[in-house]
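*Asks:* I'd like to ask you about the structure that follows.
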Amino acid sequence: MPCEVKPRFVLLYGSQKGQAESLAEGIAEVAEEHGLAAELSCLNHNEKYNLETENAPVVFIVSTTGDGEPPDNALQFVKRIKEKTLSPDHYKHLCYALLALGDTNYANFCNCGKTIERRLQELGAKQFYATGYADDGTGLEVVVEPWIEGLWKAIKGALSKMASNKAAFVKGLAADSPRGAPDSTIPDVQLNLLRITDQQSRESIKAPAEPVSKSAAAASPPAPGTHAAVSDLRPAVPTGSSVLASRSPGASTVSASAPETPTGDDGRPRVSPPASLTRSLPPLSESSLNVPALPPPYLDVSLQEADPAGEAVGPSNVEALSAAPVCRAVQLTTGDSVKTALLVELDVSAHPMVTYHPGDSFDVFCPNRAAEVEEALHRLGLSDQRNHRVHVSLRKDTKKKGAQVPSYMSQNISLLYLLTWCLEIRSVPKKALLRALVEHTGHSGQRRRLQELCSRQGSADYNLYVRDCGLSVPELLAAFPTCSPPLSLLLEHLPKLQPRPYSAASSCLRHPGKLRFVFSVVEFPACSWRPAGRRGLCTGWLFDLINPVLLSPGEDESSVSPAPPKIHVSLRPNHSFRPPSEPSAPFIMVGPGTGVAPFIGFLQQREQQRKDDPEAVFGETWLFFGCRHRDGDFLFREELEGFVSSGTLSQLKVCFSRDGHEEEEAGAGASSARPRYVQHNLLLASRPVTDILLRRGGYLYVCGDAKNMAKDVNNALMEMIQTELQVDQLEAMKTLAALREEKRYLQDIWG
Ligand code: FAD
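Sequential numbering from 18 applies to the sequence shown in this note's numbering.
Right, here's the structure in full:
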């Protein structure tokens, strides 16, 4: 049989945490269904593609990391296309589409995508489909899904345009070109503009997905022996109407007549339970669903009995890490109404990271919680094989494009080690995982709910019950008791366990051989499927680890002396978030809560420099700090006040968000409203702050919570610039952008 050759397109991704990569893989997987062949490659693998001669459409999927930086595996590519020596027609033969992933909570939203796009255009490339800017802050899928839906038509449009241009070109060549002219036909591809923000157009595009009939939750009873909770998993029946009523003609579950309002034994109407992770309400529970295509399996996994002796302990890259003993651990906060914050001091005298600089962070490598690993083993039915070696290979028949065995699944590790140190078993389940789990779920009501959660129609429920509450995979499995995935499926879908970065809260000029950091314990509150609440993975682990050596505020060090625990760490230098290199430059620091950490390092360094060189001229320093209560979580209070007394810190502006505001809330004293958050104090100091930034060549550093604080501070700065310079919002934005460009407005934020 002749083999049909599908038109090809090139699909390139740059991905830090795997989101862009898995989206690109998803696109590659369904390309065939659209009659196209995707050539998938990571941007850094430039031996696999050649943009210099490429004449097929090119699709880029790129994320952004840090302070607007390209992901590691796109760095080389970005560097290459930024070369000043490239001519403006370098890519004039190229037509491209680009999907940029970012998070509006961070500065420089989608910066890597924007940079690539700008350079492609400067180098003559033509866009064949409007760029999508997906925001992780509000849900990537809001933009990603319609963008992908529209991509197929756009690629086909680009291909046919290119083909007709080529035909015209070839004709022209035959007529009037000398033979041997370069075959770099330049398609003038029309823009196929999809308005990503236009809800209507988004909804009008049909998804290339499997339709699932309405109310597939068919009231089939749970399989014998399954969990009692499954009865809760049927879509809720709305009082007075039928979920299964004739909306799905032909379906076996359709009920011809609407049932009466359900009543209890007492004859009163029964109230339907509210929607939840496991229960949907109309209209979703009645809706036909478009679910994503089933991700093709790609791993073969086998287990082999082996002697557990000699098994590695600690993180998989342990040779590259420093195992630093904890020499001091202090609780910095008191009281229940504040987040617990702790200071840890590590002895790094035996390690190269002793040369860290203020502003640097370092990665902490922590394991998954033993109880959750046990639960996962139990759920997989593999508790007895915990010490077996795991052999992972590629399935010979896999349809997954560019499938590879993840490098961190080395062949000589036990199942227990793999689950403990290699996989982020707490990760929030992606829609692709939910989709894959449907195939391994016994109860039809549970299958239907999983289908809903990964469907286009169920996006709001996915955001509410999965994404926003940080649902973990173990929690999901606990809520869907008839779901029994094989080990290979979890290995295919769980990302690599990531280290957690923490900012250095010390200077090695002040504490030679020591490294301090501060963390606040992340708490996930209890809810219906998380009865006990839980702590963040790393902060919960650190808390338990240092607990035996923990000092309460003011407690004497000599009173605690068990063997010090060790933490595996590696340095993450930050070359831009550093105190100004010229000591006379004034600088402003904004760091509420644990965001104050790097500034303690800045100030310790400055204090030492002042001692070492009393004649030198040092610029003004300002710190804006904020916390809840003066007596609960004013971190480093004594040390900060000491910096003020010594003249190292020129201005300390502190605000308390929960102290003394009661009367304001009750309506009294509003006129004397106290600053509550750091941005309020910034506004109060608008004149000197803008003077430092705009007239005296000063610097501004912001560190801490990305979710609200960094944005609020940015807005306050805009307002201050508008007022002080008497300019409009656009001008103020440009001024801030210029400060960023000059690296005088710097952020180190997380969320
Ligand atoms: P995880 O188990 O990873 O959970 C945290 C995740 O859950 C976050 O995505 C968060 O948004 C989300 N989340 C938290 N609470 C909820 C909730 N109630 N519902 C739903 N989702 C929730 N942290 C510090 O404390 N001090 C520092 O100095 C510091 N410096 C950093 C420097 C850098 C460069 C970066 C990138 C981060 C820094 N962090 C710092 C953050 C730190 O790396 C960890 O992210 C943090 O400690 C939480 O880790 P965890 O494993 O305990 O939480």
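Think of the CB as a built atom: it goes at the ideal place given N, C-alpha and C, for glycine as much as any other residue.
For V539 and R547, which I take to be in contact (beta-carbon distance under 8 Å), what is that distance rounded to the nearest angstrom?
*Replies:* That belief does not hold up - the Cβ atoms of V539 and R547 are roughly 14 Å apart, past 8 Å.
*Asks:* Nearest CA to the CA of Q739: which residue from V719, L711 and A727?
*Replies:* Looking at the Cα atoms, L711 is the closest of the given residues.
*Asks:* Is any heavy atom of the ligand FAD found at a distance shorter than 7 Å from the C-beta of Y425?
*Replies:* Outside the cutoff, so no.
*Asks:* When you compare only the Cα positions, how much space is there between P692 and R296?
*Replies:* One C-alpha to the other measures close to 43 Å.
*Asks:* Where does R97 land, buried or exposed, given buried means 16+ other C-beta within 10 angstroms?
*Replies:* Classification for R97: exposed.
*Asks:* Just to confirm, are F604 and Y716 a CB contact at a threshold of 8 Å?
*Replies:* Taking 8 Å as the Cβ cut-off, F604 and Y716 qualify as a contacting pair.
*Asks:* Residues in its own chain within less than 8 Å of D722 by CB, not counting five upstream and five downstream?
*Replies:* Counting only Cβ-Cβ distances below 8 Å, and skipping sequence neighbours, we find P609, G610, G612, I766, W767 and G768.
*Asks:* What's the C-alpha gap between E469 and S545?
*Replies:* Answer to the nearest angstrom: the Cα atoms are 19 Å apart.
*Asks:* With DSSP run on the structure shown, which of helix, strand or coil describes K834?
*Replies:* Absent from the structure is residue 834, since the part of the chain shown begins at 18 and ends at 768.
*Asks:* Any heavy atom of the ligand FAD closer than 7 Å to the Cβ of Y519?
*Replies:* Yes - the ligand FAD has a heavy atom lying nearer than 7 Å to the Cβ of Y519.
*Asks:* For R533, does the three-state DSSP call read helix, strand or coil?
*Replies:* It is a strand residue.
*Asks:* What does the alpha-carbon distance come out to for the pair R25 and V343?
*Replies:* Rounded to the nearest angstrom, the two C-alpha atoms are 55 Å apart.
*Asks:* Exposed or buried, which one is V634 when buried takes at least 16 other CB atoms within 10 Å?
*Replies:* Result: exposed.
*Asks:* Could you tell me which whole beta strand (DSSP E) segments of length 3 or greater appear in the stretch 73-127?
*Replies:* Counting whole runs of 3 or more residues, the stretch 73-127 contains the beta strand (DSSP E) stretches 75-79 and 112-119.
*Asks:* Take L301 and list the residues in its own chain whose beta-carbon comes closer than 7 Å to its own, dropping the five residues that flank it on each side.
*Replies:* E469, Q474, G475 and D478, listed in sequence order.
*Asks:* Reducing DSSP to helix, strand and coil, say where V308 ends up.
*Replies:* Note: V308 maps to strand in three-state DSSP.
*Asks:* With a threshold of 16 other CB atoms inside 10 Å of the CB of P332, please say whether the residue is buried or exposed.
*Replies:* The residue is buried, with at least 16 neighbouring Cβ atoms inside 10 Å.
*Asks:* Alpha carbon to alpha carbon, how far is R517 from F379? Give it in angstroms, no decimals.
*Replies:* Going from the Cα of F379 to the Cα of R517 covers about 8 Å.
*Asks:* Quick check on DSSP: helix, strand or coil for P446?
*Replies:* Three-state DSSP puts P446 in coil, outside helix and strand.
*Asks:* Can V47 be considered in contact with the ligand FAD, in the sense that its beta carbon sits closer than 7 Å to one or more heavy atoms?
*Replies:* The answer is no for V47.
*Asks:* Return the chain-ordered list of same chain residues with a C-beta closer than 6 Å to the C-beta of A192, the five sequence neighbours on each side being excluded.
*Replies:* Low confidence applies to A192: its pLDDT is 48, below 50, so where it sits in the model is not reliable enough to give any reading.
*Asks:* Starting from the Cα of L640, find the closest Cα among G156, P596 and K416 and give me that residue.
*Replies:* If we check each option's Cα against that of L640, P596 comes out closest.
*Asks:* Looking at the secondary structure, which residues open and close the alpha helix (DSSP H) in which K628 lies?
*Replies:* It spans A614 to D629 - the alpha helix (DSSP H) in which K628 sits, taken as one unbroken run.
*Asks:* Could you spell out where the alpha helix (DSSP H) holding M750 opens and where it closes?
*Replies:* Here the alpha helix (DSSP H) through M750 covers Q746 to E758.
*Asks:* What are the boundary residues of the alpha helix (DSSP H) that C555 is part of?
*Replies:* Taken as a continuous stretch (DSSP letters only), the alpha helix (DSSP H) holding C555 covers L554 to I563.
*Asks:* Name the two residues that bound the continuous beta strand (DSSP E) containing G31.
*Replies:* Element bounds for G31: R25 to G31.
*Asks:* On a CA-only basis, which of G83, L92, V160 and S663 is nearest P590? Give me that one, please.
*Replies:* Of G83, L92, V160 and S663, the residue nearest in Cα terms is G83.
*Asks:* Just to confirm my understanding: we take V537, look at its own chain, exclude 5 residues before and 5 after, and list those with CB closer than 6 Å. What are they?
*Replies:* With the sequence shown as reference, residue 537 is identified as Ser, and Val is not the correct amino acid for it. Contacts found: K356, A358 and T611.
*Asks:* Going by the CB atoms, is the gap between H592 and A340 shorter than 8 Å?
*Replies:* Against a cut-off of 8 Å, the Cβ pair of H592 and A340 comes out as no contact.
*Asks:* So, is the C-beta of P581 closer than 8 Å to a C-beta in chain B?
*Replies:* Among the chains of the structure shown, chain B does not appear; only one protein chain is present.
*Asks:* At the level of alpha carbons, what is the spacing between I203 and N125?
*Replies:* Any reading at I203 needs caution, since the residue's pLDDT is 31, under 50, leaving its predicted position unreliable; the model's value is listed next. Rounded to the nearest angstrom, the two C-alpha atoms are 33 Å apart.
*Asks:* Where are the alpha helix (DSSP H) runs, 4 residues long or more, that stay fully inside the stretch 393-458, in chain order?
*Replies:* Listed in chain order, they are 448-455.
*Asks:* If you compare alpha carbons, which of D377, G649 and L666 is closest to E656?
*Replies:* For E656, the nearest C-alpha among the options comes from L666.
*Asks:* Quick check on H110: buried or exposed, where buried means 16 or more other Cβ atoms within 10 Å of its Cβ?
*Replies:* Under this definition H110 is a buried residue.
*Asks:* Once DSSP output is grouped into helix, strand and coil, what is the label at S237?
*Replies:* Residue placement at S237 cannot be trusted, given a pLDDT of 32 that sits under 50; the coordinates are not used to answer.
*Asks:* At a cut-off of 7 Å, would you count P542 as near the ligand FAD, judging by its Cβ distance to the nearest heavy atom?
*Replies:* P542: yes, Cβ under 7 Å from the ligand FAD.
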